[in-house]
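Chemist: Numbered as in my numbering, the sequence shown ends at 833 without a single skipped number. In this text, a Cβ means the ideal position worked out from N, Cα and C, and glycines have one as well. Note that the structure is a prediction, hence the values are computed from the model and not measured. Here it is: the structure, laid out below.
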Amino acid sequence: MADSDCLFCRILNGDVPSTEVLSTTGTYAFRDVNPAAPVHVLVVPRIHIPHAGALRAEDALVLAEMFSTARDVAASEGVLESGYRLVLNVGDDALNSVPHLHLHVLGGRRMGWPPG
Ligand code: AMP
């Protein structure tokens, strides 16, 4: 179910290097190459899902695993108590740039609202 044209599928199969934070059966968490906060980790499903708008009811388990991994990332990065932000970008206005579902885990600084 990997897409050879997809950057994050290529990270998942080891063709493109990444800095691992956590790995689970259905998900992989790695550091964002261009961090927007002291903690900036991406959590991706191992199966190729293009974006959050393409999720179907049968993806419920992998989605739950992504959020569980995100919490474990927050714990291992030391921001579970201070707080963290989870972001899913969908489409051009949200500046979604990689067409493989990914949950941004951001923390380690006070963040503004609404996002810019
Ligand atoms: P989005 O804008 O939501 O599609 O987020 C894509 C994210 O992937 C951006 O924050 C990029 O900095 C990050 N990114 C792009 N290429 C890589 C890479 N090779 N390794 C780690 N993060 C990457």
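So, helix, strand or coil for A746, using DSSP?
Modeler: A746 falls in the strand class under three-state DSSP.
Chemist: Check whether the region 729-740 touches the region 777-784, counting contact only when three or more Cβ pairs, one atom from each stretch, lie closer than 8 angstroms.
Modeler: Cβ pair count under 8 angstroms is below three, so no.
Chemist: Buried or exposed: where does L812 fall if 16 or more other Cβ atoms within 10 Å of its Cβ makes it buried?
Modeler: Per the 10 Å Cβ criterion, exposed.
Chemist: Just how far apart, CA to CA, sit F747 and Y801?
Modeler: F747 and Y801: Cα-Cα distance of roughly 16 angstroms.
Chemist: Can you look up E794 in the DSSP assignment and give me helix, strand or coil?
Modeler: DSSP places E794 in coil when its eight states are reduced to three.
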